[in-house]
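These protein sequences, in sequence, are chains A and B. Just so it is clear: in the first sequence, position 64 is 64 by the numbering used here, and no numbers are missing. Each position in the second sequence, counted from 1, maps to that position plus 1000 in the numbering used here.
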Amino acid sequence: MEPTMVKESNKKNLLMDSYLELDKGERVPLDLSVKLLLSKDCRKQIKMLRIAEKASSETFSVPVSVNDSTIEAVMARIAPDYKQQAEKNPISMIKWILGGLVIILTTVFFSMLTKTVSNYKVSIAYYLMVAIAVIIYASMFVLSNMDFFIKRINIVRINKKASSLKD
Amino acid sequence: MNKNNSAEHTAAYKRDNELIKEILKGDNTAFAELMTLYKRRVLTIGMSFFKNATDAEDFVQDVFIKVFTKLSSFRGESLFSTWLTRIAYNTAVNSINRRLEYLPISDETVLQDPGVSPEEKQIQQITREAVKTAISELPENYAVCLDMYFFYDISYAEISDITGFPVNTIKSHIFRAKKILRQKMVASGIMESDEI
Chain A
1 MEPTMVKESN KKNLLMDSYL ELDKGERVPL DLSVKLLLSK DCRKQIKMLR
51 IAEKASSETF SVPVSVNDST IEAVMARIAP DYKQQAEKNP ISMIKWILGG
101 LVIILTTVFF SMLTKTVSNY KVSIAYYLMV AIAVIIYASM FVLSNMDFFI
151 KRINIVRINK KASSLKD
Chain B
1001 MNKNNSAEHT AAYKRDNELI KEILKGDNTA FAELMTLYKR RVLTIGMSFF
1051 KNATDAEDFV QDVFIKVFTK LSSFRGESLF STWLTRIAYN TAVNSINRRL
1101 EYLPISDETV LQDPGVSPEE KQIQQITREA VKTAISELPE NYAVCLDMYF
1151 FYDISYAEIS DITGFPVNTI KSHIFRAKKI LRQKMVASGI MESDEI
């Protein structure tokens, strides 16, 4: 290797060593940042090292199922009524779906029936009733699953903030 | 929280704190949710110290019961994951069932890669090999420090706080491991790829 190339390689190694000394998420000093940015090899290596660190720790951040036997055993010890609490929602999803289907089917069925009968007062009264039923249905669905929606909104908000911080 | 925060740490910190608030208000389902996020980590620590699945599962239960009873003392000065790892480490070290030698993660077969791309799989493999090589050159009891840094995502100072080893010693061992990782990545040719 030519002396200039050796010198260049040593310089790169020194820069990379300074980078490798840094702690997790530690801010890279400005002068070092500039020097690293100017070297294509260093940039590439840093990118790969970051991916390596992230990929190696990600294996342990994968959540397990809430029905995991160990989790159920712990919950049974700390909160014997946990199962009932978790299943507390008084109306099951199937009942919600069936309720929605009944509303849709009666609307369709009624419109088919009233095709021949042209009493528009009856039609208006009926459609008003359907509208009120839909509003009540939707409101009750949201209210009885409020906990789920709040958690979802919080997760989306946190993820948005995290990605904006990343940028 | 540690001053060296990444975006992922900030997000995890917020998510965990929300869950902890709910638990302290009496919502037990939030604790189950918290366990789903960290069971894998605690189980892996258990496998390293106990080397059999039954003892490791019992260990996971003990750790989470401890976490639940001590949760009100968590002040949020570190990430919850770090606090949890500290409890898990101390529980394992003080357990009468634990095996004498710590089995590093890089030696383990317990690792299951969760649907990662082939490139990431290769990177994970290289990282494990690098950590394994670095560990083989270290006094045995420092293996846990490397695992904590590379696999449990814990900073130098926090590793020192958990294990009681001097921070500079930890730093130099991890530095050595990172150098090996860099060399291995260069040698594998993965650094040449622009795809990843």
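From the three backbone atoms N, C-alpha and C, an ideal C-beta is built for every residue, glycine too.
{"Query": "Per the contact definition of three or more C-beta pairs closer than 8 Å, is the segment 1060–1074 of chain B in contact with the segment 1034–1052 of chain B?", "Result": "yes"}
{"Query": "According to DSSP, simplified to helix, strand and coil, what is Pro-1118(B)?", "Result": "helix"}
{"Query": "Could you tell me if Pro-1118(B) is buried or exposed, where buried requires 16 or more neighbouring beta carbons within 10 angstroms of its beta carbon?", "Result": "exposed"}
{"Query": "Restricting to Cα atoms, I'd like to know which of Leu-1181(B), Asn-1090(B), Ala-1030(B) is closest to Asp-1016(B).", "Result": "Ala-1030(B)"}
{"Query": "Can we say the segment 1124–1135 of chain B touches the segment 1047–1054 of chain B, given the rule of at least three CB pairs closer than 8 Å?", "Result": "no"}
{"Query": "Go through the segment 1119–1159 of chain B residue by residue and report every complete run of the alpha helix (DSSP H) that reaches 4 residues or more, in order.", "Result": "1143–1150"}
{"Query": "Under three-state DSSP, which class holds Val-134(A)?", "Result": "helix"}
{"Query": "Val-64(A) versus chain B: which residues are under 7 Å apart at the beta carbon?", "Result": "Thr-1036, Lys-1039, Arg-1040"}
{"Query": "Where does Ile-1096(B) fall in DSSP's three states?", "Result": "coil"}
{"Query": "What separation, rounded to the nearest whole angstrom, lies between the Cα atoms of Leu-1071(B) and Ile-1162(B)?", "Result": "17 Å"}
{"Query": "In the segment 1058–1071 of chain B, which residues sit with their C-beta less than 7 Å from some C-beta in chain A, listed in chain order?", "Result": "Val-1060, Gln-1061, Phe-1064, Ile-1065, Phe-1068"}
{"Query": "Looking at the C-beta of Ala-79(A), does it have a partner C-beta in chain B at a distance below 8 Å?", "Result": "yes"}
{"Query": "What's the C-alpha gap between Gln-217(A) and Leu-1181(B)?", "Result": "Examination of residue 217(A) is not possible in this model, given that chain A is present from 1 through 167 alone."}
{"Query": "To the nearest angstrom, how far is it from the Cα of Thr-1082(B) to the Cα of Glu-1158(B)?", "Result": "7 Å"}
{"Query": "At the level of alpha carbons, what is the spacing between Ala-76(A) and Leu-22(A)?", "Result": "44 Å"}
{"Query": "Listing by chain order, which chain B residues have their CB less than 7 Å from the CB of Phe-60(A)?", "Result": "Arg-1040, Arg-1041, Thr-1044, Phe-1151, Tyr-1152"}
{"Query": "Of the residues Lys-95(A), Leu-15(A), Cys-42(A), which one's Cα is nearest the Cα of Ile-144(A)?", "Result": "Just to set this straight, residue 144(A) is Ser in the shown sequence, not Ile. For the residues Lys-95(A), Leu-15(A), Cys-42(A), the minimum Cα distance to Ser-144(A) belongs to Lys-95(A)."}
{"Query": "Do Thr-107(A) and Val-130(A) count as a contact pair if the criterion is CB distance below 8 Å?", "Result": "yes"}
{"Query": "Hey, is Ile-51(A)'s beta-carbon within less than 8 Å of any beta-carbon in chain B?", "Result": "yes"}
{"Query": "Give the residues of chain B in contact with Glu-21(A), contact being defined as C-beta atoms less than 8 Å apart.", "Result": "Lys-1171, Phe-1175"}
{"Query": "Taking the alpha-carbon positions, what's the Phe-170(A) to Ala-1053(B) distance?", "Result": "Nothing can be reported for residue 170(A): it is not among the residues displayed for chain A, which extend from 1 to 167."}
{"Query": "Closer than 9 Å between beta carbons: that is the criterion. Which residues of the segment 29–56 of chain A meet it against chain B?", "Result": "Asp-41, Lys-44, Gln-45, Lys-47, Met-48, Leu-49, Ile-51, Ala-52, Glu-53, Lys-54, Ala-55, Ser-56"}
{"Query": "Assess, as a yes-or-no matter, whether the segment 1136–1144 of chain B is touched by the segment 58–76 of chain A under the definition of 3 or more beta carbon pairs within less than 8 Å.", "Result": "no"}
{"Query": "Among Lys-11(A), Met-48(A), Glu-58(A), which one has its Cα closest to the Cα of Ser-1188(B)?", "Result": "Met-48(A)"}
{"Query": "Within 10 Å of its beta-carbon, does Glu-53(A) have 16 or more other beta-carbons around it, so buried, or fewer, so exposed?", "Result": "buried"}
{"Query": "Could you tell me whether any Cβ in chain B is nearer than 8 Å to the Cβ of Ile-153(A)?", "Result": "no"}
{"Query": "Please decide whether Ser-1160(B) counts as near chain A, where near means a Cβ-Cβ distance under 8 Å.", "Result": "no"}
{"Query": "My understanding is that Ser-1006(B) touches Gly-25(A), with C-beta atoms under 8 Å, so please give their C-beta distance in whole angstroms.", "Result": "4 Å"}
{"Query": "Say whether chain B places a C-beta atom closer than 8 Å to the C-beta of Met-93(A).", "Result": "no"}
{"Query": "Would you tell me roughly how many angstroms separate the C-alpha atoms of Lys-1003(B) and Asp-81(A), rounded to the nearest one?", "Result": "Since pLDDT at Lys-1003(B) reaches only 48, below the 50 mark, its modelled position is unreliable, and the value read off the structure follows with that caveat. Roughly 40 Å between the two C-alpha positions."}
{"Query": "Provide the residue span of the alpha helix (DSSP H) that contains Glu-1008(B), from first to last.", "Result": "1007–1024"}
{"Query": "Under a Cβ-count criterion, where at least 16 other Cβ atoms within 10 Å of its own Cβ denotes burial, should Ser-111(A) be classed as buried or exposed?", "Result": "exposed"}
{"Query": "Give the DSSP-derived three-state secondary structure of Met-41(A) in the structure shown.", "Result": "In the sequence as presented, Met is not what sits at residue 41(A); that position holds Asp. Three-state DSSP puts Asp-41(A) in a helix."}
{"Query": "Taking 7 Å as the limit between beta carbons, can you name the residues of its chain near Ala-1088(B), skipping five residues before and five after?", "Result": "Val-1042, Ile-1045, Val-1063"}
{"Query": "Can you name the start and end residues of the alpha helix (DSSP H) that Leu-1079(B) belongs to?", "Result": "Careful: Leu-1079(B) lies outside any alpha helix (DSSP H) and carries neither H nor E."}
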